[in-house]
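Read through the structure below, which is laid out as structure tokens, and then see the notes.
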Amino acid sequence: MGRLFNHPLAAPALIALIVIACGFGLGSNFYLRVAALVWISALAAIGLNLLMGFAGQVSLGHAGFFGIGAYAVAVGPNVLPVSPLLALVLGIALAAVIAYLVGRPILKLKGHYLAVATLGFGILVYMVLSNESGLTGGPDGMPVSRATLFGWRLKGVDTWYWITGGVLVVGAWVAVNLVRSPTGRALRALHDSEVAARVVGVDVARYKLVAFVVSAVYTALAGGLLALFNGFITPDVAGFMHSIEFVVMVVLGGMGSIVGSLVGAAILIALPQALSAFQEYEHLALGLILMVFMIFLRKGIVPSLVALAGRGR
Amino acid sequence: MTKFQRLARLAAVSAASLALGLTAVSAADPIKIGSVLAVTGPASFLGDPEDKTLKMYVDKINEEGGVLGRPLELIVYDSGGDANKARTFATRLIEDDEVVAIVGGATTGTTMAMVPLVEDAEIPFISLGGAVVIIDPVKEWVFKTPHTDRMACQKIFEDMKANGYTKIGMISGTGGFGKSMRQQCLDVIGDYGIEVVADETYGPSDADMTPQLTKIKNADGVQAVVNPGFGQGPAIVTRNYRQLGIEVPLYQSHGVASKSFIELAGDSANGVRLPAAALLVADKLPDNDPQKAVVVDYKTMYEDQTGEDVSTFGGHAYDGLMILVEAIKKAGSDDPAAIRDAIEATTGFVGTGGEVNMSADDHLGLDVSAFKMLEIQDGDWTIVGGN
């Protein structure tokens with residue numbers, strides 16, 4: 068069992084199984100939609116987890132990258148002669164460049180200072196998106212044109228379920244490979260102790276930047292997928308609360324656990340749907356559940372449960 | 003009788019009564035209506051009164067025997083103003099709850115996120131969002147009840163034209179509301195032969211608009227000033243306006259049509275003109291006004307049951323629900339397509355927003371007369387002009 072957990076393909080394979088099982092098990096479009104939203108958020112959470120869980124750097128502005136990806140898909144085809152899918156690629160590239168430019172100065176900061184700097188970045192993106200109403204439609208949002216792939220219009224909840232699920236599996240696989248590469252080892256060394264990492268010859272600044280750019284790419288991809296899936300986008304996707312949601316997904320599911328990011332995303336997306344019957348108390352219940360999880364499963368749900376299972380043997 | 007037998011009997015009896023209860027419900031199958039509103043979050047000033055209004059009136063309708071002899075079942079989800087959540091909840095209403103119509107979507111953003119879904123599923127949707135894009139171009143399954151910014155501009159310009167003003171100054175907020183209304187005003191101003199000779203803006207959190215107003219004051223031949231804006235900005239503009247001693251009339255928008263504006267602007271508010279829905283001046287309407295009965299009833303009921311001041315937003319929800327109920331009665335069934343056709347055929351419906359006459363190319367059905375021109379005198383609203 069333990070060996071199975073440690074196999075490099077365990078996490079992507081498990082996620083693939085979950086995606087396939089839900090794809091055939093969930094009957095109605097509503098459940099498929101919620102699941103697709105979970106896959107999209109999980110993708111962003113995996114990206115943020117690479118930064119937080121592995122490199123040990125916090126970001127409170129990742130919704131900014133999510134917004135960049137989403138609005139690239141929405142705005143791109145209006146201003147450039149590109150298809151929505153090409154716009155998605157451009158948006159991801161843009162997010163990577165911005166992450167590089169922003170990351171270079173702000174990753175020199177540590178702890179709370181880094182948190183505040185990333186927070187500022189997220190708010191800046193949000194303000195641009197909601198104020199440049201000529202391009203982005205302002206606070207009321209804007210429609211996104213439908214993507215076509217080889218002449219096939221990508222629409223319908225089930226189509227997007229499989230697209231987002233597929234991208235999530237690939238994303239998880241890439242993330243696992245990255246973590247197991249020399250870069251991943253350098254990142255984990257960074258997480259444990261920056262000083263020690265520096266002493267053994269890890270280029271600290273460079274690896275932090277790599278982690279920041281990679282996580283921005285994941286998050287922008289997730290944002291672009293949401294825009295294409297919904298066909299309509301508002302600046303809220305880049306808002307502060309959305310950044311916080313991503314952080315909660317990572318911490319709740321378990322820092323440094325790829326499957327944990329999926330679990331965290333699933334709880335944050337699906338729980339409000341399950342609690343909607345208690346409309347007035349929804350936020351209260353949600354907060355309480357999160358607190359209980361964090362008190363009793365301190366390392367996050369997945370790592371704590373794995374540790375428990377290990378002790379039980 | 004042993005304890006176990008007694009328990010078993012109790013279980014049997016309760017199961018039987020439960021079953022009876024269930025069949026009783028299915029005999030009068032409820033008509034399901036859905037709603038997605040921003041009950042919490044930054045747009046809760048819209049969603050909260052709308053939510054209360056819908057629940058209050060659905061209860062009232064059910065007490066009075068329901069619609070077509072069947073009770074209404076209202077399902078409300080809280081989007082928190084988030085377009086993505088609104089879309090998920092709309093999917094849920096359509097797929098899972100199988101509602102026959104939707105009234106809701108408190109903001110323009112959430113409404114527009116829901117529009118493609120209702121169009122695909124062919125479910126009638128009466129939006130409570132403000133912007134004109136919701137119904138222009140006309141979408142087969144989408145209707146709305148609130149007035150548009152454009153109508154407020156038209157009402158203001160009508161009044162200016164009647165007073166012979168041809169050159170005006172404009173000072174607008176750069177928030178969503180002010181920016182959108184400024185554009186709408188500029189789009190229609192040509193129809194009234196009026197020209198903007200000074201066009202200034204201020205940020206949503208600015209605390210002093212004296213510089214912008216000084217520029218307007220010094221512009222050549224300004225005969226009146228209009229201020230599209232929302233929140234505290236217009237109150238500051240009004241105060242600065244009086245401090246600078248600008249003599250020409252000041253027009254505010256329907257965005258400040260609440261008592262809190264008068265409180266914020268104090269004595270400076272006297273003499274300000276603004277367009278507003280009849281609901282605001284319910285008790286001042288002449289008895290022969292066709293809206294009088296409706297708005298007074300709604301205001302009384304809302305204020306009695308919630309203990310809060312009535313707002314025009316809740317009124318939009320009232321109009322939406324009543325138009326829907328009338329349509330279901332007229333259609334004689336809860337078939338979504340029949341309801342849609344009946345909504346589109348709504349004529350002469352008098353709601354809190356005005357008289358609604360819909361048609362195939364007008365899914366709002368209100369005209370400029372739905373607004374009353376008000377003037378603030380001695381800290382209170384007064385109806386002026388030929389309303």
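The listed protein sequences correspond, in order, to chains Y and B. Throughout, this note's numbering is defined as the position within the first sequence, counted from one, plus 67. Throughout, this note's numbering is defined as the position within the second sequence, counted from one, plus 2. Beta carbons are placed, not taken as given, at the ideal position from N, Cα and C, and that holds for glycine.
- Close to chain B, meaning a Cβ-Cβ distance shorter than 8 Å, are the following residues of the segment 199-225 of chain Y: Ser-200, Gly-205, Pro-206, Asp-207, Gly-208, Pro-210, Val-224.
- Every alpha helix (DSSP H) of 4 residues or more that sits fully in the segment 199-251 of chain Y is shown, in chain order, as 200-203, 224-247.
- When C-beta atoms of the segment 81-90 of chain Y are compared with those of the segment 203-218 of chain Y, fewer than three pairs fall below 8 Å, so the two segments do not count as touching.
- Distance check between Gly-247/B and each of Ser-361/B, Leu-215/B, Gly-233/B places Leu-215/B closest, using alpha-carbon atoms only.
- Annotated three-state conformation of Ile-190/Y is helix, per DSSP.
- Taking a C-beta cut-off of 7 Å against chain Y, the contacting residues of the segment 97-116 of chain B are Glu-97, Asp-98, Thr-110, Gly-111, Met-114, Ala-115, listed in chain order.
- Between Tyr-320/B and Gly-353/B a beta carbon distance of about 7 Å is seen, short of the 8 Å cut, so the two are scored as contacting.
- For the pair Arg-100/Y and Thr-314/B, the CB atoms are not nearer than the 8 Å cut-off.
- Residues of chain Y whose Cβ lies closer than 7 Å to the Cβ of Arg-89/B are, in chain order, Asn-297.
- For Ser-95/Y, the nearest beta carbon of chain B is closer than 8 Å to its own beta carbon.
- At least 8 Å separates the beta-carbon of Val-224/B from that of Val-258/B.
- Neighbours of Lys-181/B in chain Y, taken as residues whose beta carbon is under 8 Å from its own, are Ser-200, Gly-205 in chain order.
- Closer than 8 Å to the CB of Pro-338/B there is not a single CB belonging to chain Y.
- Around Thr-55/B, no beta-carbon contact reaches into chain Y at under 8 Å, the shortest distance being about 16 Å.
- Assigned with DSSP and collapsed to three states, Leu-276/B falls in strand.
- Beta-bridge pairing by DSSP links Ser-37/B to Val-78/B.
- Using a Cβ distance threshold of 8 Å, Val-60/B and Leu-76/B count as a contacting pair.
- Chain order gives the chain B residues near Asp-303/Y as Gly-83, Asp-84, Ala-85, Asn-86, Gly-111, where near means a beta carbon separation below 8 Å.
- In this structure, DSSP gives Thr-168/B a state outside helix and strand, which the three-state scheme calls coil.
- Where Met-375/B is concerned, the enclosing beta strand (DSSP E) starts and stops at 373-379.
- Scanning its chain for C-beta atoms nearer than 7 Å, with the 5 sequence neighbours on each side dropped, one finds around Ile-264/B the residues Ala-271, Ile-378, Gly-381, in chain order.
- Comparing C-alpha distances from Gly-306/Y to each of Gly-134/Y, Gln-124/Y, Leu-353/Y shows the shortest one belongs to Gly-134/Y.
- As the crow flies, the alpha-carbon of Val-312/B is around 6 Å from that of Lys-301/B.
- Straight-line measurement puts the Cα of Pro-251/B at about 14 Å from the Cα of Asn-242/B.
- For Asp-99/B, the three-state secondary structure derived from DSSP is coil.
- Below the 9 Å Cβ cutoff, chain B contributes Arg-89, Thr-90, Thr-93, Arg-94, Glu-97 as neighbours of Arg-100/Y, in chain order.
- Bounds of any alpha helix (DSSP H) do not take in Thr-150/B, whose DSSP letter is neither H nor E.
- CA-CA distance, Arg-72/B to Gly-43/B, rounds to 34 Å.
- Counting of Cβ neighbours within 10 angstroms places Leu-110/Y among the buried residues, the total reaching 16 or more.
- Around the Cβ of Lys-157/B, a 10 Å sphere holds 16 or more other Cβ atoms; the residue is buried.
- Of the candidates Lys-146/B, Glu-124/B, Pro-126/B, the residue whose Cα lies closest to the Cα of Val-134/B is Lys-146/B.
- In this structure, Lys-34/B places its C-beta atom within 8 Å of the C-beta atom of Val-102/B.
- Looking at the DSSP output, Leu-252/B shares a beta bridge with Val-227/B.
- For Thr-286/Y, the enclosing alpha helix (DSSP H) starts and ends at 271-297.
- Residues of chain Y whose Cβ lies closer than 9 Å to the Cβ of Gly-178/B are, in chain order, Ser-197, Ser-200, Gly-205, Pro-206, Asp-207.
- Counting the other CB atoms within 10 Å of its CB gives Ala-85/B a total of 16 or more, which places it among the buried residues.
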